[in-house]
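Asks: From first to last, the protein sequence lines are chains U and G.
Mapped onto UniProt numbering, the consecutive letters of the first sequence carry residue numbers 1 to 246.
Mapped onto UniProt numbering, the consecutive letters of the second sequence carry residue numbers 1 to 246.
Got a structure for you, written out below as structure tokens; questions coming shortly.
There are 2 protein chains.
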Amino acid sequence: MFASSLNVRPLFEETGPIREQCSLGALFDRSPRERVTAGQIVFFEGDRALHVFAIREGNLRICRQLHDGRRVIAGFLTKGDIVGVSFKNRYLYSAEALDDVAFQRQTKVAFEKQLLARPDLRSALLSQLCDEVAAAQDQMVLLSCKSAEERLCSFLLARLRKSTAQGCEPNVVDLPMTRLDIADYLGLTIETVSRTVTKLAGQGILSAGRRHEILVLKKSALVQRAGEDEADVDNGREDTLRYSHH
Amino acid sequence: MFASSLNVRPLFEETGPIREQCSLGALFDRSPRERVTAGQIVFFEGDRALHVFAIREGNLRICRQLHDGRRVIAGFLTKGDIVGVSFKNRYLYSAEALDDVAFQRQTKVAFEKQLLARPDLRSALLSQLCDEVAAAQDQMVLLSCKSAEERLCSFLLARLRKSTAQGCEPNVVDLPMTRLDIADYLGLTIETVSRTVTKLAGQGILSAGRRHEILVLKKSALVQRAGEDEADVDNGREDTLRYSHH
DNA sequence: CGAGCCATTGACGACTCTCAAGAATAGTGG
DNA sequence: CCACTATTCTTGAGAGTCGTCAATGGCTCG
């Protein structure tokens, strides 16, 4: 009934533990490559969580369903991400291919055994789990109190950071998912997503070229409309309730 | 800029690793008890994450702020919870007392050292982090696609489970937080929360007695309106893809 | 008893959803 | 290679839920 998964972020995104993430991925090197095509499902929400997966190519969506059919996309995965890590019995969500996907898998037991042997990897894992919590909470903020425009801008910025981090041309946002996927990720409808894109395009902030690509023309305007602390600055807040220890 | 915290659930809530949770709490037994009163803040979002805290009495809210003042409550803590676990430098959110709170603290380094010495505790920690991710994702589902009524019913049910698990009288929901806290937690306004409570009371589903207490009269109706898989039973979910509709 | 906070209730309006039709794209088969 | 279909996306009109603003009522505490 409960399962929890780990979504390792792209290697260069954080200032954090880059090496460890590489190591985690390396654990899968001996497994055979498997492939699925768009629409196929790697594992289902509720399935027994027997394997851990390392994505090598392509993109997936991570989704949960309410019994009445409503769908929530909890995130998107891509090359380098690891998914399925869990200390519960069942997967929390389904992982579905957005396009042609290649991945490697390991049984959970084997994965955990390797982890036991290498304490450095355990730290990497913990660190990644923390990142996952951080991402989930950012998403909660977005869903809790942002307008449609703010949500879309935040989403595009996050995507943009991802793309540029992976060395793609700057200002080009790759969107392997459909508008419906974006809508379900942002807690909006497909129509609202579409309208908002159109509106931003009309204001010269972006240009919607091909279906799965958006060109960002004014990043600063996007940042402004995202309503985030996009600065990511250390605003040196004072510690409170400080007390002296050793 | 990044920090991640751990929120250990009440001891009996899950079928999961009860023993480990006890052990984690036991790590704090030698620390002195500290106390804060309603409104005081244990640590701020953005503070350097130097300590880990074990709550011993009272209730706290966990919140994040957008620069323009909008607030999101990521969760509530109570007796037995542990907060502040992080493998990043800074706390992701503030922890503020809702009432009189007693807690114990440890430096993060000391906490991690103890963890190193006892591998069983590391598993407990991982398991708890997974729970945290699970909770965050449930909240994402709630915020993504539930109506005001569904949100409130889900919230009350979760609270009800918590109360009864702790051995309080069944059907009585304890609400140590204000309406504003509830609103910020559910992504609603205080007025909507109030109206929804009134509506449900008018339908005989609950009765709002004292300010910080709600009496549940028809739990089944609440479950129905929560729009969840409240069953919590392994209801042999189908492994099929359902169509989604907003 | 009054001040201040918190909660409730009402009227109104805005943002987004729903429903529906039409355009663009991709995929299929002749 | 081109028509034909299916899917996805865009655009429009109308409706509903929830947010905003404002006033009232009820607790708590000094």
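Heads up, the beta-carbon is just placed ideally off N, CA and C, and yes, glycines get one too.
Quick check on DSSP: helix, strand or coil for T78 of chain G?
Replies: Reading the second sequence from its first residue, position 78 is the one you call residue 78 of chain G. DSSP places T78 of chain G in strand when its eight states are reduced to three.
Asks: The alpha helix (DSSP H) that contains A208 of chain G, what's its start and end?
Replies: Along the second sequence, read from residue 1 onward, the residue named residue 208 of chain G stands at position 208. Premise fails: A208 of chain G lies in the beta strand (DSSP E), L206 to A208, not in any alpha helix (DSSP H).
Asks: Given this structure, state the Cα-to-Cα distance separating N59 of chain U from G187 of chain U, to the nearest angstrom.
Replies: Stepping through the first sequence from its first residue, residue 59 of chain U is reached at position 59. Stepping through the first sequence from its first residue, residue 187 of chain U is reached at position 187. About 20 Å.
Asks: Taking DSSP as the reference, what is the three-state secondary structure of Q166 of chain G?
Replies: Stepping through the second sequence from its first residue, residue 166 of chain G is reached at position 166. In the structure shown, Q166 of chain G sits in coil (DSSP, three-state: anything other than H, G, I, E or B).
Asks: By the DSSP assignment, the alpha helix (DSSP H) with E179 of chain G in it spans what residues?
Replies: Against the second sequence, residue 179 of chain G aligns to sequence position 179. Strictly speaking, residue 179 of chain G in this sequence is Arg, with Glu absent from that position. Run containing R179 of chain G: R179 to L186, per the alpha helix (DSSP H) assignment.
Asks: Apply the 10 Å Cβ neighbour rule to E169 of chain U and answer buried if 16 or more other Cβ atoms are within range, or exposed otherwise.
Replies: Sequence index remark: in the first sequence, residue 169 of chain U carries index 169 (1-based). Exposed, since its Cβ has fewer than 16 Cβ neighbours within 10 Å.
Asks: What number of angstroms, rounded off, separates the C-alpha of S94 of chain U from the C-alpha of R64 of chain G?
Replies: Here residue 94 of chain U is taken as the residue at index 94 of the first sequence, counted from 1. Here residue 64 of chain G is taken as the residue at index 64 of the second sequence, counted from 1. So the two alpha carbons sit approximately 29 Å from each other.
Asks: Flag Q137 of chain U as yes if its beta-carbon sits less than 7 Å from any beta-carbon of chain G, otherwise no.
Replies: Here residue 137 of chain U refers to the residue found at position 137 when the first sequence is read from its first residue. At least one chain G Cβ lies under 7 Å of Q137 of chain U.
Asks: Look up V52 of chain G in the DSSP assignment and say whether it is helix, strand or coil.
Replies: The sequence position of residue 52 of chain G within the second sequence is 52, counting from 1. Here V52 of chain G sits in strand by DSSP.
Asks: Closer than 7 Å, CB to CB, is residue 273 of chain U near chain G or not?
Replies: Since the first residue of chain U shown is 1 and the last is 246, residue 273 of chain U is not available in this structure.
Asks: Closer than 7 Å, CB to CB, is S127 of chain G near chain U or not?
Replies: Within the second sequence, the letter at position 127 stands for residue 127 of chain G. Yes, S127 of chain G lies at the interface with chain U (some Cβ there is under 7 Å from its Cβ).
Asks: Per DSSP, what are the beta-bridge partners of C153 of chain G in this structure?
Replies: Reading the second sequence from its first residue, position 153 is the one you call residue 153 of chain G. None, per the DSSP bridge assignment.
Asks: What first and last residue would you give for the beta strand (DSSP E) that runs through Q104 of chain G?
Replies: Here residue 104 of chain G refers to the residue found at position 104 of the second sequence. V101 to T107 is the span of the beta strand (DSSP E), which, as asked, contains Q104 of chain G.
Asks: Quick one: what's got a C-beta closer than 7 Å to I205 of chain G's C-beta in the same chain, skipping five residues either side?
Replies: Residue 205 of chain G sits at position 205 when you count from the first residue of the second sequence. Closer than 7 Å at the Cβ level, and outside the excluded window around I205 of chain G, lie L217, K218, A221 and L222.
Asks: Return yes when the Cβ of K79 of chain G is within less than 7 Å of the Cβ of E57 of chain G, no when it is not.
Replies: Position 57 of the second sequence, counted from the start, is the residue given in the question as residue 57 of chain G. Position 79 of the second sequence, counted from the start, is the residue given in the question as residue 79 of chain G. Cβ distance < 7 Å, so E57 of chain G and K79 of chain G count as in contact.
Asks: So, for E213 of chain U: in the same chain, excluding its five sequence neighbours on each side, which residues have a beta-carbon less than 8 Å away from its beta-carbon?
Replies: Your numbering for residue 213 of chain U matches position 213 in the first sequence. Here the set comprises V172, V173, D174 and L175.
Asks: Quick one: give me the first and last residue of the alpha helix (DSSP H) that Q224 of chain U is part of.
Replies: One-based indexing of the first sequence puts residue 224 of chain U at position 224. Its alpha helix (DSSP H) spans residues K219 to A226.
Asks: Please decide whether N7 of chain G counts as near chain U, where near means a Cβ-Cβ distance under 7 Å.
Replies: Here the question's residue 7 of chain G lines up with position 7 in the second sequence. Here N7 of chain G scores only 46 on pLDDT, less than 50, and its place in the model should not be relied on; the value that follows carries that caveat. No, N7 of chain G does not count as interfacial toward chain U.
Asks: Since R61 of chain U and R90 of chain U are thought to touch, with beta carbons under 8 Å apart, how far apart are those beta carbons, to the nearest angstrom?
Replies: For the purposes of this step, residue 61 of chain U is taken as residue 61 along the first sequence, with counting starting at 1. For the purposes of this step, residue 90 of chain U is taken as residue 90 along the first sequence, with counting starting at 1. Between R90 of chain U and R61 of chain U the Cβ distance is about 19 Å, and since that is not below 8 Å, they are no contact.
Asks: Alpha carbon to alpha carbon, how far is Q137 of chain G from A201 of chain U?
Replies: For the purposes of this step, residue 137 of chain G is taken as the residue at position 137 of the second sequence. For the purposes of this step, residue 201 of chain U is taken as the residue at position 201 of the first sequence. C-alpha separation (whole angstroms): 32 Å.
Asks: Would you please verify whether the beta carbon of R179 of chain U is less than 7 Å from any beta carbon of chain G?
Replies: Here residue 179 of chain U is taken as the residue at index 179 of the first sequence, counted from 1. Closer than 7 Å: no.
Asks: Is it true that the CB of L143 of chain U sits closer than 7 Å to the CB of S154 of chain U?
Replies: Along the first sequence, read from residue 1 onward, the residue named residue 154 of chain U stands at position 154. Along the first sequence, read from residue 1 onward, the residue named residue 143 of chain U stands at position 143. In this structure, L143 of chain U does not lie closer than 7 Å to S154 of chain U by Cβ.
Asks: Work out the CA separation of T107 of chain U and Y185 of chain U for me, nearest whole Å.
Replies: Locating residue 185 of chain U in the first sequence gives position 185, where the first residue counts as 1. Locating residue 107 of chain U in the first sequence gives position 107, where the first residue counts as 1. Going by the C-alpha atoms only, they are around 29 Å apart.
Asks: Where do the N-terminal and C-terminal ends of the beta strand (DSSP E) with D174 of chain G fall, by residue?
Replies: Within the second sequence, residue 174 of chain G is the residue found at index 174, counting from 1. Run containing D174 of chain G: V172 to D174, per the beta strand (DSSP E) assignment.
Asks: From the beta carbon of N235 of chain G, is the nearest beta carbon of chain U less than 7 Å away?
Replies: Residue numbering aside, residue 235 of chain G sits at position 235 when the second sequence is read from its first letter. The predicted position of N235 of chain G is uncertain, since its pLDDT is 39 and thus under 50; a value taken from the coordinates is nonetheless stated next. Closer than 7 Å: no.
Asks: Quick check: is the beta carbon of A49 of chain G nearer than 7 Å to any beta carbon in chain U?
Replies: Counted from its first residue, the second sequence places residue 49 of chain G at position 49. No - not a single Cβ of chain U is within 7 Å of the one on A49 of chain G.
Asks: Grab the span of the beta strand (DSSP E) containing Q65 of chain G for me, first residue to last.
Replies: Start at 1 with the first residue of the second sequence, and residue 65 of chain G comes out as number 65. Here the beta strand (DSSP E) through Q65 of chain G covers N59 to Q65.
Asks: Whose C-alpha, out of U:L152, U:T178, U:G39 and U:L24, is nearest the C-alpha of D120 of chain U?
Replies: The residue labelled residue 120 of chain U in the question sits at position 120 within the first sequence. Of the candidates U:L152, U:T178, U:G39 and U:L24, the one whose C-alpha sits nearest the C-alpha of D120 of chain U is U:L24.
Asks: Exposed or buried, which one is I18 of chain G when buried takes at least 16 other CB atoms within 10 Å?
Replies: As a position in the second sequence, residue 18 of chain G is number 18, starting the count at 1. With a pLDDT of only 36 at I18 of chain G, under the threshold of 50, the placement of this residue in the model should not be trusted; the figure read from the coordinates follows. Exposed, because fewer than 16 other Cβ atoms sit within 10 Å of the Cβ of I18 of chain G.
Asks: Is the number of C-beta pairs between the region 97-104 of chain U and the region 35-42 of chain U that are closer than 8 Å three or more?
Replies: Because the criterion of three Cβ pairs below 8 Å is met, the region 97-104 of chain U and the region 35-42 of chain U touch.
Asks: Is the CB-CB distance between A54 of chain U and Q114 of chain U below 7 Å?
Replies: Sequence index remark: in the first sequence, residue 54 of chain U carries index 54 (1-based). Sequence index remark: in the first sequence, residue 114 of chain U carries index 114 (1-based). Not closer than 7 Å, so no.
Asks: From U:F44, U:V52, U:F76 and U:K146, pick the residue whose C-alpha is nearest to that of K162 of chain U; which is it?
Replies: Within the first sequence, residue 162 of chain U is the residue found at index 162, counting from 1. Comparing Cα positions, the closest option is U:F76.
Asks: According to the Cβ coordinates, are L152 of chain G and T196 of chain G closer than 7 Å?
Replies: The residue you call residue 152 of chain G lines up with position 152 of the second sequence. The residue you call residue 196 of chain G lines up with position 196 of the second sequence. Closer than 7 Å, so yes.
Asks: Taking the alpha-carbon of T189 of chain G as reference, which of G:S127, G:V72, G:F43 and G:M140 has the nearest alpha-carbon?
Replies: The sequence position of residue 189 of chain G within the second sequence is 189, counting from 1. Selected option, being the one with the closest Cα: G:V72.
Asks: Determine whether the Cβ of L92 of chain G lies closer than 7 Å to any Cβ atom of chain U.
Replies: Numbered from 1 along the second sequence, position 92 holds the residue referred to as residue 92 of chain G. Yes, because at least one Cβ of chain U sits closer than 7 Å to the Cβ of L92 of chain G.
Asks: On the DSSP bridge list, what partners appear for E213 of chain G?
Replies: On the second sequence, position 213 is the one that residue 213 of chain G refers to. According to DSSP, E213 of chain G bridges with G:D174.
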